[in-house]
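Undergrad: Using this note's numbering, you'd call the opening residue of the sequence shown number -13 and step up by one each time. No residue lacks a Cβ here, since even glycine has one placed at the ideal position from N, Cα and C.
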Amino acid sequence: MTHEHEIAVIGAGPCGLGVGVAASQAGVGCVLFDRGCITHSIAGFPTDMTFFSTADRLELGGVPFVSTAPRPTRREALAYYRAIVRYFRLDVRQYEEVIAVEGRAGAFRLRTRRLGGGEAEHRAAYVVFATGYFDSPNLLGVPGEDLPKVTHYYREAHPYYDQDCLVVGGGNSAVEAALDLYRTGARVTLVHFANGLDRGVKPWIVPDITNRLQNGEIAVYWRTRVAEIRERSVVLVSEETGERTEIPNDWVFAMTGFTPDTRLLRSLGVTVDEETGIPAHDPETMETDVPGVFVAGVLAAGKDANKIFIENGREHGPRIVEAVRRARANSR
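Okay, here's the thing in structure tokens:
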């Protein structure tokens, strides 16, 4: 059986939901698919994470986001976006991955696979890619990265009490993980290829991490990379001298960022800049150079994950739906 839709959105994160909300408000049929749960990326954030953005900048469809503090927590955001799905009665197919897309504007065919097995075919007049990047971590590319003790995600510190932990990176994720691990009683080492923290680190945690590093409570290796990961140690190499240092290690948290997976986009013929990773698109409509195919959210920023966030990516939904409405009117 083939299912018919006006708009098919691939990805049910905040920006994908933003497309669904805009479609609902405009009376345009829309279905959303996600290989995981609603706002899968936020669900994978550290348990006690606080957003950089204030609650009002995360809102969708004019529905107020009420938080107990100026900056909402992960738990509050998850509750808010679940409420959005209920309020607008969005058709979200959780745990149903889009594995293939083909066709042209007005006649796209999507093949999906459900968790646990079973495939389905869907047809849509328009397709929106809002797949984010959370499932595609930037790999270190070193021996031992496939060991069970290595992860590119961080949830909470308790399992790592009294353990030797290496945190790789200098951004928010790395800093927050290092501080959380330290406070829970882990022995923490931070390693970063630059000579200091990234400029985008949340300003209210900079004094905390700076003091921990200066006091030697968290060890740090600047201008250094991981050369090899072993069962009970890691080997670091200095960018400046080439000197190699082996330190004891139980766990590695590679907080090295993510890169969008553009394979499905490319399969439709969308041009993706090899250097920036940005899909060719009109920023006014978010339509790519393949008619009827749109991008939303961080995917539109390519490899620059610091360019588009929820607070500006949520604007993509109304642009896309307005473009669809105009296209429908012109085709009559």
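Jot down the residue ranges of each uninterrupted beta strand (DSSP E) in the region -12 to 28, minimum 3 residues, whole runs only, in chain order.
TA: -12 to -4 and 16 to 19, all fully within the region -12 to 28.
Undergrad: Specify, as a first and last residue, the run of the beta strand (DSSP E) that Gly303 falls within.
TA: Within the sequence shown, numbered from 1, the residue matching residue 303 stands at position 317. Not the beta strand (DSSP E): Gly303 falls in the alpha helix (DSSP H), residues His302 to Asn316.
Undergrad: By Cβ distance below 7 Å, which residues in the same chain neighbour Arg216 in space, the five residues on each side in sequence not counted?
TA: By 1-based counting over the sequence shown, the position of residue 216 is 230. Excluding positions up to five away in sequence, the list reads Gly130.
Undergrad: Output needed for Arg173: all residues of its chain with C-beta closer than 6 Å, excluding positions within five of it in sequence on either side, in chain order.
TA: Taking the sequence shown and counting its residues from 1, the one referred to as residue 173 is at position 187. Within the same chain, Arg173 has close Cβ partners Asp150.
Undergrad: Kindly indicate the opening and closing residues of the alpha helix (DSSP H) around Val221.
TA: In the sequence shown, residue 221 corresponds to position 235, counting from 1. No alpha helix (DSSP H) holds Val221; the beta strand (DSSP E) holding it covers Ser219 to Ser224.
Undergrad: Check whether the region 239 to 250 and the region 188 to 196 are in contact - that is, three or more C-beta pairs closer than 8 Å.
TA: The region 239 to 250 is not in contact with the region 188 to 196.
Undergrad: With burial defined as no fewer than 16 other Cβ atoms inside 10 Å of the residue's Cβ, what is the status of Tyr147: buried or exposed?
TA: To locate residue 147, count along the sequence shown from 1; it is residue 161. Result: exposed.
Undergrad: Can you pull the DSSP bridge partners for Arg167?
TA: Indexing the sequence shown from 1 puts residue 167 at position 181. Checking the displayed sequence, the identity of residue 167 turns out to be Leu instead of Arg. DSSP, once it has assigned bridges, lists no residue as partnering Leu167.
Undergrad: Leaving out the 5 sequence neighbours to the left and right, which residues in its chain are closer than 6 Å to Ser10 when beta-carbon positions are compared?
TA: The residue you call residue 10 lines up with position 24 of the sequence shown. The residues are Phe74.
Undergrad: Report yes or no: do the region 276 to 284 and the region 107 to 120 share at least 3 C-beta pairs separated by less than 8 Å?
TA: The region 276 to 284 is in contact with the region 107 to 120.
Undergrad: Using the C-alpha atoms, what's the distance from Thr262 back to Tyr67?
TA: Your numbering for residue 67 matches position 81 in the sequence shown. Your numbering for residue 262 matches position 276 in the sequence shown. Their backbone Cα atoms lie some 30 Å apart in a straight line.
Undergrad: Do the region 2 to 16 and the region 42 to 60 touch if we need at least three Cβ pairs shorter than 8 Å?
TA: They touch, by the three-pair rule.
Undergrad: For Met20, is the classification buried or exposed, using 16 other Cβ atoms within 10 angstroms of its Cβ as the cut-off for buried?
TA: Looking up residue 20 in the sequence shown gives position 34. One detail in the question is off: residue 20 reads as Asp in this sequence, not Met. Buried is the call here.
Undergrad: Spatial neighbours of Tyr112 within its chain, please: C-beta separation below 6 Å, excluding the five flanking residues on both sides.
TA: Taking the first residue of the sequence shown as 1, we reach residue 112 at position 126. Contacts found: Ile(-7), Gly278 and Val310.
Undergrad: Under three-state DSSP, which class holds Thr137?
TA: Reading the sequence shown from its first residue, position 151 is the one you call residue 137. Three-state DSSP puts Thr137 in a strand.
Undergrad: Contact between the region 156 to 169 and the region 237 to 244: three or more CB pairs below 8 Å?
TA: Counting Cβ pairs under 8 Å, three or more are found: they touch.
Undergrad: Only counting the same chain, and skipping five residues up and downstream in sequence, which positions put a Cβ closer than 6 Å to that of Gly4?
TA: As a working mapping, residue 4 is identified with position 18 in the sequence shown. Only Leu46, Arg300 and Gly303 meet the Cβ criterion.
Undergrad: One question on the structure: do Leu165 and Arg209 come within less than 8 Å of each other, judged by their Cβ atoms?
TA: Position 179 of the sequence shown, counted from the start, is the residue given in the question as residue 165. Position 223 of the sequence shown, counted from the start, is the residue given in the question as residue 209. It is not a contact, given that the beta carbons lie outside the stated cut-off.
Undergrad: Distance, Cα to Cα, Thr33 vs Arg305?
TA: Stepping through the sequence shown from its first residue, residue 33 is reached at position 47. Stepping through the sequence shown from its first residue, residue 305 is reached at position 319. Cα to Cα, Thr33 sits roughly 33 Å from Arg305.
Undergrad: Let me make sure I understand the geometry here. Which of Thr98, Arg72 and Val153 has the alpha-carbon closest to that of Arg211?
TA: Mapped onto the sequence shown, residue 211 falls at position 225. The shortest Cα separation from Arg211 among Thr98, Arg72 and Val153 belongs to Val153.
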